[in-house]
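Here the structure is laid out as structure tokens; the discussion comes afterwards.
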Amino acid sequence: MNTHEPEQNIRQPELRFGYVADLYYTVTDTPVPKQLDLLNDWFPSLIITEEDSNKLIKQAPEYIDTERMIHAVRYHNYLYSGGNNRITHITGKLVGTAFSNLEKERKTAELIQKNIARKIVNEMDVLPSLIDSIHEKISCMEQETMEEFHYTLYMFCLMCAEAYYEKDEWERDTELFPFDDEVFDQVIYNAFYQLQKYDYEGLLNAWLWLLCGSLLRNECGRVCRTYDSSFVPLYKAPSETGHLLDKLRYLVMPEEYESIYTGNDLEDRFPGIEWYCDHCNDHLNEQKGFTDHLPVWQCRKCGYLNPISAEQIYETAEDHDNDIRRRTEEDLRSAIARRKEETGS
Ligand SMILES: [Zn+2]
Numbered sequence: 001m002n003t004h005e006p007e008q009n010i011r012q013p014e015l016r017f018g019y020v021a022d023l024y025y026t027v028t029d030t031p032v033p034k035q036l037d038l039l040n041d042w043f044p045s046l047i048i049t050e051e052d053s054n055k056l057i058k059q060a061p062e063y064i065d066t067e068r069m070i071h072a073v074r075y076h077n078y079l080y081s082g083g084n085n086r087i088t089h090i091t092g093k094l095v096g097t098a099f100s101n102l103e104k105e106r107k108t109a110e111l112i113q114k115n116i117a118r119k120i121v122n123e124m125d126v127l128p129s130l131i132d133s134i135h136e137k138i139s140c141m142e143q144e145t146m147e148e149f150h151y152t153l154y155m156f157c158l159m160c161a162e163a164y165y166e167k168d169e170w171e172r173d174t175e176l177f178p179f180d181d182e183v184f185d186q187v188i189y190n191a192f193y194q195l196q197k198y199d200y201e202g203l204l205n206a207w208l209w210l211l212c213g214s215l216l217r218n219e220c221g222r223v224c225r226t227y228d229s230s231f232v233p234l235y236k237a238p239s240e241t242g243h244l245l246d247k248l249r250y251l252v253m254p255e256e257y258e259s260i261y262t263g264n265d266l267e268d269r270f271p272g273i274e275w276y277c278d279h280c281n282d283h284l285n286e287q288k289g290f291t292d293h294l295p296v297w298q299c300r301k302c303g304y305l306n307p308i309s310a311e312q313i314y315e316t317a318e319d320h321d322n323d324i325r326r327r328t329e330e331d332l333r334s335a336i337a338r339r340k341e342e343t344g345s
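Just so it is clear: in the sequence shown, position 81 is 81 by our numbering, and no numbers are missing.
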């Protein structure tokens, strides 16, 4: 039983970089770095270029428009951030915890977001190096801290989704770096899905989604579209209303939801289910003579014996890979029975 009140770990359920990063520092009980270091810690070399220096001279950072990069020097152990108001405004907007209405620097920050999103998508080594730097920090956590971190992210996703949809459409559309609702939904859903895996990799992925979503905001849509294939597309997640919170609830308590079958194939044992060989991945439904009434089907391509039963059915290929199970025999049977009643067959 976790003795912490979730609210204690979560200051603000807002998908903005400063708030998200803060979850890590709260859980690990370490001080939050100043803005330049904070950005550079989680997105190394994507926003800030560190200039050579003897680390003893303060030199104001500089933003180079054509590079969309901030050049800064290290003063003792910190990236020196004084002496340039423009940088203060740009980083304040990226971190998202300080608001001002300098339109020019809002636009600059947005150009930086676009640039990072594009690099994540187009440059092969960017995503792996982001994951490495996250791994470096998360892997140092004690088991107990890691569990608390998992729980904190879990609650954050739920509260963040709730807070977002408590705002009306006008508020959502006019806030700083507004999201398309679909992009917001996808980021939160992907993070939450990864947390449902309850393993280390899932925790890293969830944290990466939250970091990217909160820093890049709507520009994260580009990342979502590229990495879509490795995540469950939202439209495939069944829920009664299609609302994000409903979809999250479904991940936690699939048993509260019923499958619906809308097809007309009522002869098969598992209508509408596509079977793939567990060994060679060949599409079994297309193999000559295939019937799902057999308890086992021997793959005609590789000879592997594939069990054909409700236990083998997953909502998506991603669920199969993560062993996140959605369907039960009973659920499938009742969906088919309801369809039979509907169609009078
Ligand atoms: Zn096979």
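Don't be surprised by glycine CBs; every beta carbon is placed ideally from N, CA and C. Since this is a predicted model, take the numbers as computed values, not measurements.
What residue range is occupied by the uninterrupted beta strand (DSSP E) comprising E67?
Per DSSP, E67 belongs to no beta strand (DSSP E) and is neither H nor E.
Using alpha carbons as the reference points, say which of H293, S345, G272, E342 lies closest to T316.
G272
Quick one: using the 10 Å Cβ neighbour count with 16 as the cut-off for buried, is D185 buried or exposed?
buried
Whole-angstrom Cβ separation of E110 and I90, contact assumed at under 8 Å?
Contact flag wrong, Cβ pair sits at about 10 Å.
The alpha helix (DSSP H) that contains N115, what's its start and end?
103-122
Cutting at 8 Å between CB atoms, please list the residues of its own chain near I134, excluding the five before and the five after it.
W42, L204, W207, L208, L211
Measure the alpha-carbon distance for H283 versus T97 and round it to whole angstroms.
50 Å
According to DSSP, is N349 part of a helix, a strand, or is it coil?
Given a span of 1 to 345 for the chain in the structure shown, any question on residue 349 remains unanswerable.
Which two residues bound the contiguous beta strand (DSSP E) that contains V296?
296-298
I'd like to confirm something about D282: is its beta-carbon nearer than 8 Å to some heavy atom of ligand 1, or not?
yes
Report whether the distance from the Cβ of G213 to the nearest heavy atom of ligand 1 is below 8 Å.
no
Between L79 and L215, which are expected to be in contact by the criterion C-beta below 8 Å, what is the C-beta distance as a whole number of angstroms?
Contact flag wrong, Cβ pair sits at about 17 Å.
Hey, how far is the Cα of Y250 from the Cα of T145?
27 Å
Expressed to the nearest angstrom, what Euclidean distance is found between the alpha-carbon atoms of K340 and S309?
21 Å
Taking the alpha-carbon positions, what's the L102 to V183 distance?
25 Å
Report the start-end ranges of each alpha helix (DSSP H) in the stretch 314-338 that is 4 residues or longer and not cut off at the edges.
317-322
Given R36 as reference, the closest of T66, Q287, I70 once Cα atoms are compared:
Per the sequence presented here, residue 36 reads as Leu, with Arg not at that position. For L36, the nearest C-alpha among the options comes from I70.
Touch test, the stretch 328-345 against the stretch 254-261, Cβ-Cβ under 8 Å, three pairs minimum
yes
Just to confirm the assignment: which complete alpha helix (DSSP H) runs, minimum length 4, are found wholly within the stretch 165-190?
169-174
How many angstroms separate the CA atom of K114 from the CA atom of V187?
16 Å
Answer with buried or exposed for N40, where buried requires no fewer than 16 other C-beta atoms within 10 angstroms of its C-beta.
buried
Heavy atom of ligand 1 less than 8 Å from the Cβ of H320, yes or no?
no
Is H150 near ligand 1 - that is, is its Cβ less than 8 Å away from at least one heavy atom of it?
no
Are any of the Cβ atoms in chain B nearer than 9 Å to that of E274?
Absence of chain B from the displayed structure is noted, only one protein chain being present.
When you compare the CB positions of R217 and F179, do they come within less than 9 Å of one another, or not?
yes
Between which two residues does the beta strand (DSSP E) holding E51 run?
48-51
Do L15 and Y164 count as a contact pair if the criterion is CB distance below 9 Å?
yes
Check the DSSP bridge columns for A72 and list the partner residues they point to.
E50
C-alpha gap between D173 and P33, whole angstroms:
31 Å
Label M155 either buried or exposed according to how many other C-beta atoms from any shown protein chain fall within 10 Å of its C-beta, with 16 as the threshold for buried.
buried
Is it buried or exposed, V357, if we count other Cβ atoms within 10 angstroms and call 16 or more buried?
Given a span of 1 to 345 for the chain in the structure shown, any question on residue 357 remains unanswerable.
In the DSSP assignment, the alpha helix (DSSP H) including C140 goes from what residue to what residue?
Per DSSP, C140 belongs to no alpha helix (DSSP H) and is neither H nor E.
For the alpha helix (DSSP H) containing N226, name the first residue and the last one.
Just to set this straight, residue 226 is Thr in the shown sequence, not Asn. From DSSP, the alpha helix (DSSP H) with T226 extends over 220-227.
What are the start and end residues of the alpha helix (DSSP H) that includes T26?
17-28
Any non-hydrogen atom of ligand 1 closer than 8 Å to G303 Cβ:
yes
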